[in-house]
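All remarks here apply to the structure that follows.
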Amino acid sequence: MDTYAIEVSGIHKRYGGVRALTNVSLKIRANEIHAIVGENGAGKSTLMKILSGAVIRDSGNIAIFGKPADITNPITSRALGIGIIYQEFSLAPDLTVAENIFLGDLNDGRSRLLVPFKDLFRKAKLILDRLGFSVDPHRLVGTLPVAYQQVVEIAKALSRDARILILDEPTAVLTDQETEKLFAVLSGLKAAGTSIIYISHRLEEVFRISDRISIMKDGELVTTRQTGDLDKNQVITHMTGREFATLFPKREKIEIGEEILRVENLAAQNGVHDITLKLHRGEILGLSGLIGSGRTEFARSLFGLDRVTHGDIYLKGQKTVIRSVDDAKRNRIGLIPEDRKRQGLTLNMSILNNMTMANIAGILRYALLIDRKRERARGEKFVDSLRIKVGGLDNPVSSLSGGNQQKVVVAKWLNTESEILIFDEPTRGVDVGAKYEIYQLMNSLAERGYGIILISSELAEVVGMSDRVAVFNEGTVAGELEGVAVTETEIMRLAIPVSNHHLGG
Ligand SMILES: Nc1ncnc2c1ncn2[C@@H]1O[C@H](COP(=O)(O)OP(=O)(O)OP(=O)(O)O)[C@@H](O)[C@H]1O
Ligand SMILES: [Mg+2]
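Throughout the sequence shown, residue numbering follows UniProt numbering, covering 1 to 505 in sequence.
Structure below.
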């Protein structure tokens with residue numbers, strides 16, 4: 001008889017009225033990379049949290065390496081050799097990288113004061129080096145860009161020598177290059193005998209790295225297959241119950257209109273410099289580049305979050321100074337930020353309030369009276385058009401699955417009167433169906449004369465959606481591509497810092 005690393009059977013879990021999991025049974029082999037895919041809200045994270053002890057199942061059985069295991073808290077899970085990288089970061093922003101990596105261990109009885117700190121930093125550095133990422137173990141996690149925070153999450157799980165490693169959307173914030181490094185680490189772990197559960201909305205990745213794929217839909221397990229026996233379309237159809245002819249919807253009409261934004265020789269305190277670019281009505285301008293190349297920093301300067309130190313911004317031909325977010329909003333610039341947890345959402349507020357928060361004016365009836373009916377109607381419209389899976393509009397945003405939280409952020413900014421909309425990684429953690437909805441929405445906004453800036457680390461997305469692409473490299477625009485010249489190869493050629501060219505193939 002086969003012994004499985006994990007065998008769950010008949011798992012049920014409800015959150016109040018929401019059925020998150022219904023009768024889920026699944027076997028994970030020792031020594032395999034097992035991918036789990038499914039739409040936003042399908043129940044993937046809930047199942048993983050049950051295995052990690054963060055959530056308790058209502059019923060059902062779990063066996064780990066053939067032995068029945070009653071996982072009721074994170075400590076029992078960890079003792080069984082299960083390590084998890086959560087979809088939503090679980091790091092302490094005010095502690096250093098090294099402390100975060102060993103945080104769980106610090107809490108295991110010993111006082112923080114008694115920890116041999118030198119040792120801690122040395123060990124942290126070893127793990128980070130092994131992963132191939134240069135992150136300073138002394139830095140406070142809260143000051144790191146999200147991609148590096150993810151690296152810390154991964155390092156934290158690896159520091160515990162887990163026999164079973166669960167990764168819930170580990171690459172959502174990583175670029176292709178960083179993803180490659182992670183894959184190399186995972187292959188090494190698998191060769192050394194670790195079982196890996198890998199959750200991702202990026203199907204290319206899933207096909208590349210997994211041995212088997214399990215597909216979930218509406219809290220149930222649809223099927224488990226050998227990866228080689230499936231193709232991408234079949235997976236999408238199982239996940240969504242729909243078929244997609246293409247992943248990037250075409251725009252009905254592309255009519256590039258008058259110039260809506262022009263930036264000349266812009267430099268900002270955050271390090272971007274010599275940026276000159278233009279955006280027209282009806283246009284989708286992609287910003288590509290590696291993590292840290294300055295894309296997000298540019299967006300932040302334009303949105304009044306970081307101080308502009310040099311250069312000019314023209315809005316509809318008018319020279320405009322933007323010193324604050326209020327200035328930006330007044331000038332009809334909207335930013336859908338990449339870090340939804342810190343900048344995009346107020347987690348303990350209701351879904352409805354989060355959606356309407358950016359545009360109180362739009363729902364005010366008399367001076368300070370919020371028109372509740374109007375607010376609710378708008379909220380319902382978004383839930384519908386973006387297919388947001390909610391129990392109710394009054395539930396806290398924290399009760400939503402990761403991808404559905406992202407859709408609420410998008411809804412929030414669509415609910416304003418902006419004319420220039422900056423989407424920073426809008427489809428991070430969003431399933432294929434919802435991605436398609438967000439793309440369609442961007443297209444229809446462009447058709448209606450908005451100017452759209454799309455920042456994305458997913459090359460296929462930038463190529464598939466942009467009319468024009470500005471490639472960032474070391475804080476400035478290294479080049480622009482337009483029309484048929486917009487290809488992944490050309491973008492990468494411009495994106496790689498000159499000093500690193502010899503490293504590439
Ligand atoms: N703490 C909670 N309170 C109430 N409902 C919840 C809670 N956590 C999850 N849910 C609900 O359970 C269902 C499954 O959510 P889960 O997070 O497992 O989905 P997922 O497959 O991981 O989705 P995603 O791809 O968006 O991360 C969703 O309908 C979600 O809204
Ligand atoms: Mg999830």
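Glycine residues also receive a C-beta, built at the ideal position from the N, C-alpha and C atoms. None of the values given here were measured: they were computed from a predicted structure.
(request) Tell me whether S90 counts as near ligand 1, meaning its Cβ is closer than 6 Å to at least one heavy atom of that ligand. (result) no
(message) According to DSSP, is I150 part of a helix, a strand, or is it coil?
(response) The sequence as given places Gln at residue 150; Ile does not occur at that position. In the structure shown, Q150 sits in a helix (DSSP, three-state: H, G or I).
(request) Starting from M442, trace the beta strand (DSSP E) both ways and give me its first and last residue. (result) Segment V432 to E447 is the alpha helix (DSSP H) holding M442; no beta strand (DSSP E) there.
(request) Would you mind giving the Cβ-Cβ distance between M239 and I36, rounded to the nearest angstrom? I have them listed as a contact below 8 Å. (result) Not really, about 11 Å apart at Cβ, beyond 8 Å.
(message) Quick check on the DSSP output: the alpha helix (DSSP H) that includes G402 runs from which residue to which?
(response) G402 to L414
(request) Run the CB neighbour count on P68, radius 10 Å, all protein chains shown included, and call it buried at 16 or more, exposed below. (result) exposed
(request) Counting only the same chain and skipping the five closest in sequence on each side, list residues whose C-beta sits under 8 Å from that of L95. (result) In chain order, L103, L140 and V141 place their CB closer than 8 Å to the CB of L95, counting only its own chain and leaving out the 5 sequence neighbours on each side.
(message) Applying the 10 Å Cβ sphere with the 16-neighbour rule, what's the burial state of I254?
(response) exposed
(request) Using 10 angstroms around the beta-carbon of K407, count the other beta-carbons present and answer buried if the total reaches 16, otherwise exposed. (result) Around the Cβ of K407, a 10 Å sphere holds 16 or more other Cβ atoms; the residue is buried.
(request) State the start and end residues of the unbroken alpha helix (DSSP H) segment that holds S77. (result) P74 to A79
(request) Quick one: measure Cβ to Cβ for I213 and L51, integer angstroms, because I've assumed they're closer than 8 Å. (result) The Cβ separation is near 18 Å, so there is no contact.
(message) Taking 8 Å as the cut-off, does the segment 416-426 touch the segment 325-336 (at least 3 CB pairs, one atom from each stretch)?
(response) yes
(message) In the DSSP output, what is G7 paired with across the bridge?
(response) Residue identity check: residue 7 is Glu in the sequence provided, not Gly. According to DSSP, which records beta bridges pairwise, E7 is partnered with K27 and A63.
(request) Report the option in P74, L221 and G294 whose CA atom is closest to the CA atom of G475. (result) G294
(request) Would you mind sorting S324 into buried or exposed? The rule is 16 or more other CB atoms within 10 Å of its CB. (result) exposed
(request) Have a look at V206 and I28 and give me their C-alpha separation to the nearest angstrom. (result) Our two residues, V206 and I28, have alpha carbons roughly 16 Å apart in a direct line.
(request) Please name the residue or residues paired with F248 in a DSSP beta bridge. (result) In the DSSP output, where bridge partners are listed per residue, F248 has none listed.
(request) May I have a chain-ordered list of the beta strand (DSSP E) segments no shorter than 3 residues that lie completely inside the segment 228-316? (result) 259-268, 275-280, 284-288 and 308-315
(message) The beta strand (DSSP E) that contains R225, what's its start and end?
(response) E220 to Q226
(message) By the three-class DSSP mapping on this structure, what secondary structure does M465 have?
(response) It is helical.
(request) Leaving out five residues on either side along the sequence, give the residues of the same chain with a beta carbon under 8 Å from the beta carbon of G10. (result) N23, V24, S25, S59, G60 and N61
(request) Return the first residue and the last residue of the alpha helix (DSSP H) that M492 is part of. (result) E488 to A495
(message) Please report the straight-line C-alpha distance between F121 and V97, rounded to a whole angstrom.
(response) Cα-Cα distance, rounded: 9 Å.
(message) Measuring only the C-alpha atoms, how far is E297 from V151?
(response) 20 Å
(message) Given 6 Å as the limit, tell me if A44 has its C-beta closer than that to any heavy atom belonging to ligand 2.
(response) Before going on, a small fix: residue 44 reads as Lys here, not Ala. Here the distance from the Cβ of K44 to the nearest heavy atom of ligand 2 is below 6 Å.
(request) Assign S134 to one of two classes, buried (16 or more other C-beta atoms within 10 Å of its C-beta) or exposed (fewer than that). (result) exposed
(request) Leaving aside the five residues before and after I363 along the sequence, list all residues of the same chain whose C-beta is less than 8 Å from its C-beta, in chain order. (result) With a pLDDT of 47 at I363, under the threshold of 50, the modelled position of this residue cannot be trusted, and the question is left open.
(message) Classify P137: buried if its beta carbon has 16 or more other beta carbons within 10 angstroms, exposed otherwise.
(response) buried
(message) Measuring only the C-alpha atoms, how far is N107 from I101?
(response) Because the pLDDT of N107 is 49, which lies under 50, any placement of that residue in the model is unreliable, and the number read from its coordinates should be weighed accordingly. Taken atom to atom, the span from the alpha-carbon of N107 to that of I101 is near 12 Å.
(message) If I follow the unbroken alpha helix (DSSP H) through F382, where does it start and stop?
(response) Here the alpha helix (DSSP H) through F382 covers R372 to S385.
(request) State the beta-bridge partners of G83 as determined by DSSP. (result) L165
(message) Less than 7 Å between C-beta atoms, sequence neighbours within five positions excluded: which residues of the same chain meet that for A54?
(response) Cβ contact annotation for A54 (same chain, cutoff 7 Å, sequence separation greater than five): P74, in chain order.
(message) Quick check on M349: does DSSP put it in helix, strand or coil?
(response) coil
(message) I'd like the list of long-range same chain contacts for G271, defined as Cβ closer than 8 Å, with 5 residues on each side in sequence excluded.
(response) G294, E297 and G475
(message) Rounding to the nearest angstrom, what Cα-Cα distance links L503 and G17 in this structure?
(response) Bear in mind that a pLDDT of 37 at L503, under 50, signals an unreliable position, so the number given afterwards is only what the model happens to contain. Between L503 and G17, the C-alpha separation is close to 54 Å.
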